[in-house]
Amino acid sequence: MKLRLTVAMLAALVLCYVAAGVPSIGLLLKPSVIGEGLALKPITYHWANRLDRAIPEAELLASRFYVLVLAAISLAASGLVFRGARTGKSFAFVLGWSVALLVILLYAQTQAFYTVG
Numbered sequence: 004m005k006l007r008l009t010v011a012m013l014a015a016l017v018l019c020y021v022a023a024g025v026p027s028i029g030l031l032l033k034p035s036v037i038g039e040g041l042a043l044k045p046i047t048y049h050w051a052n053r054l055d056r057a058i059p060e061a062e063l064l065a066s067r068f069y070v071l072v073l074a075a076i077s078l079a080a081s082g083l084v085f086r087g088a089r090t091g092k093s094f095a096f097v098l099g100w101s102v103a104l105l106v107i108l109l110y111a112q113t114q115a116f117y118t119v120g
């Protein structure tokens, strides 16, 4: 069971990495890329926002990795909910992830201000 879960997690990470365009590991670990990923900047980018236009394209594309990882974790949490897992560990994971996702979405909302010009 643990081996299957580990293989599934590694496969999800590899798929997220490939879907993000295979950025370099150094670029993925850059604080600005992590911040943009947690602020969901790849999906809130707007061409008219001059602050968004100032983001280097490589960093914006690399931050897609973190958005995809958030989506993969959300998919795993919803799978536990729909499967009806009744263990305390599963419930704690789903509850913790829902609170973490709420914090991430609030952070993304505060970072999605638009300065058009």
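Here the working numbering is used: the first residue of the sequence shown is 4, the next is one more, and so on. For every residue, glycine included, the Cβ atom is placed at its ideal position computed from N, Cα and C.
Let me know if residue i comes out buried or exposed under the rule of 16 or more other beta-carbons within 10 Å of its beta-carbon.
i: P59; result: exposed
i: V70; result: buried
i: F85; result: exposed
i: F68; result: buried
i: A42; result: buried
i: A14; result: exposed
i: A23; result: buried
Over the uninterrupted alpha helix (DSSP H) stretch that includes residue i, give me the two end residues.
i: K92; result: G91 to Q114
i: Y20; result: K5 to A22
i: L41; result: P34 to L41
i: A75; result: R67 to R86
i: P26; result: Premise fails: P26 is in no alpha helix (DSSP H) and is neither H nor E.
Would residue i and residue j be called neighbours here (beta carbons separated by less than 8 Å)?
i: A74; j: W100; result: no
i: V97; j: L78; result: no
i: L63; j: K44; result: yes
i: V72; j: C19; result: yes
i: L30; j: A57; result: no
Spatial neighbours of residue i within its chain, please: CB distance less than 7 Å, with the 5 preceding and 5 following residues excluded, ordered by chain position.
i: S66; result: V36, E39, G40, K44 and P45
Give me, in chain order, the residues of the same chain whose beta-carbon lies closer than 6 Å to that of residue i; leave out the 5 immediate sequence neighbours on both sides.
i: Y48; result: D55
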